[in-house]
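All letters in the sequence shown, in the order written, are residues 37 to 286 by this note's numbering.
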Amino acid sequence: MSEHVSVERRGAIQIIRMNRPEKKNAITRAMYAAMAKALAESDADKTIRCRVLFGVPGAFSSGNDLADFLAVATGGEDGREVYDFLMALARSEKPIVSGVDGLAVGIGTTIHLHCDLTFATPEASFRTPFVDLGLVPEAGSSLLAPAIMGRQQAFALLAMGEAFPAERAKAAGLIYEVVEVSKLEETVLAAAEAIAAKPPEALRIARKLMRAPRDAIVARIEEEGVHFRQRLTSEEAKAAFMAFMNRKKG
Ligand code: COA
Numbered sequence: 037m038s039e040h041v042s043v044e045r046r047g048a049i050q051i052i053r054m055n056r057p058e059k060k061n062a063i064t065r066a067m068y069a070a071m072a073k074a075l076a077e078s079d080a081d082k083t084i085r086c087r088v089l090f091g092v093p094g095a096f097s098s099g100n101d102l103a104d105f106l107a108v109a110t111g112g113e114d115g116r117e118v119y120d121f122l123m124a125l126a127r128s129e130k131p132i133v134s135g136v137d138g139l140a141v142g143i144g145t146t147i148h149l150h151c152d153l154t155f156a157t158p159e160a161s162f163r164t165p166f167v168d169l170g171l172v173p174e175a176g177s178s179l180l181a182p183a184i185m186g187r188q189q190a191f192a193l194l195a196m197g198e199a200f201p202a203e204r205a206k207a208a209g210l211i212y213e214v215v216e217v218s219k220l221e222e223t224v225l226a227a228a229e230a231i232a233a234k235p236p237e238a239l240r241i242a243r244k245l246m247r248a249p250r251d252a253i254v255a256r257i258e259e260e261g262v263h264f265r266q267r268l269t270s271e272e273a274k275a276a277f278m279a280f281m282n283r284k285k286g
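Here's what the structure looks like:
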């Protein structure tokens, strides 16, 4: 479905990798669609007990592809794939473990608010420049981040666009653990194996009890989406996207 997402099976674990290094893993509509499909399939497959999400070395993700944002802003594209992916995250039934090296921007950060364990290398840095782009927080982050990090840390992340390097992200409760880059993959997979070895039904219920009510997350994603789509076509946002597209010219 997308040449930039690979989905692999290792025992009871599904491994989803974003692989668009030339664009620092900026996520295209096709990539969202491929990841939404993978999550839906693994939720439905009884033999899969845990999912793992990776980027590439140096770039977990630079966030939504800004050319796609511009297409929505100027061309009336509807961004359905993003919505489907966010719903797949919000409604996911099985644990997700993520491993982050380098950049984690925008959705590359907010995705981890839906993950159950996130490991990051010392070089990882989390940042959401939504407001600077004329946008608003998405992916339910306006609900989840204050609950997870406290409102002021969430404000620094989501509204101020401050960078959260790995140690700060850990101190704020955004991620679980900082691990050396050479150990990232094995640590993430070992955590996924440990999760996969748990009694699945007990784990499913325990996980569900610990998460914000699904309906509240879905409702917040939809509420954010209304504002986000309006903001995408705002002059503030269009100017920010154009500035990014043109920044290397001249
Ligand atoms: N959408 C589309 N393309 C992107 C992108 C994005 N979100 N992020 C990076 N790219 C592209 C760049 O345009 C560049 O492409 P080019 O080589 O064809 O010019 C390539 O990826 C490498 O990026 P570059 O900016 O040269 O790397 P860098 O290390 O100097 O900076 C970032 C990396 C991520 C800090 C910078 O690219 C950036 O700020 N990107 C935008 C992030 C963003 O705002 N995301 C949306 C959040 S809501």
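Here a beta-carbon is modelled for each residue, glycine too, at the ideal position from N, C-alpha and C.
Note that this is a predicted model, so its numbers are computed, not measured.
- Ranked by how close their Cα comes to the Cα of R127, the residues C151, P158, R65, P173 have C151 in first place.
- Ranked by Cα distance from E117, the options T146, A74, Y68, E159 are led by Y68.
- Looking at the DSSP output, L139 shares a beta bridge with A95, S161.
- Along the length of the stretch 187–259, whole alpha helix (DSSP H) runs at least 4 residues long occupy 187–194, 202–207, 220–232, 236–246, reported in chain order.
- For the stretch 55–141, the continuous alpha helix (DSSP H) assignments of 4+ residues that do not extend past its boundaries occur at 65–80, 102–111, 116–126, in sequence order.
- Beyond the five residues adjoining it in sequence on each side, A232 comes within less than 8 Å, by CB distance, of G47, A48, I49, R85, C86 in the same chain, given in chain order.
- Rounded to whole angstroms, the gap between the alpha carbons of A124 and L89 is 14 Å.
- When only Cα atoms are considered, A107 and D168 end up about 19 Å apart.
- If you ignore the 5 residues before and after E203, its C-beta comes within less than 7 Å of the C-beta of V214, all in its own chain and listed in chain order.
- For L153, the uninterrupted beta strand (DSSP E) segment begins and ends at 153–156.
- Per the DSSP secondary-structure output, E44 pairs in a beta bridge with I51.
- Shortest gap from the CB of S98 to any heavy atom of the ligand COA: under 6 Å.
- Taking a C-beta distance under 7 Å as the contact criterion, N100 and G142 qualify as a contact pair.
- For F277, the enclosing alpha helix (DSSP H) begins and ends at 271–281.
- Shown here, F264 sits in a helix according to DSSP, grouped into three states.
- Exclusion of L239 from the 6 Å shell around the ligand COA follows from its C-beta lying no nearer than that to any non-hydrogen atom of the ligand.
- The Cβ-Cβ distance between S97 and A66 does not fall below 7 Å.
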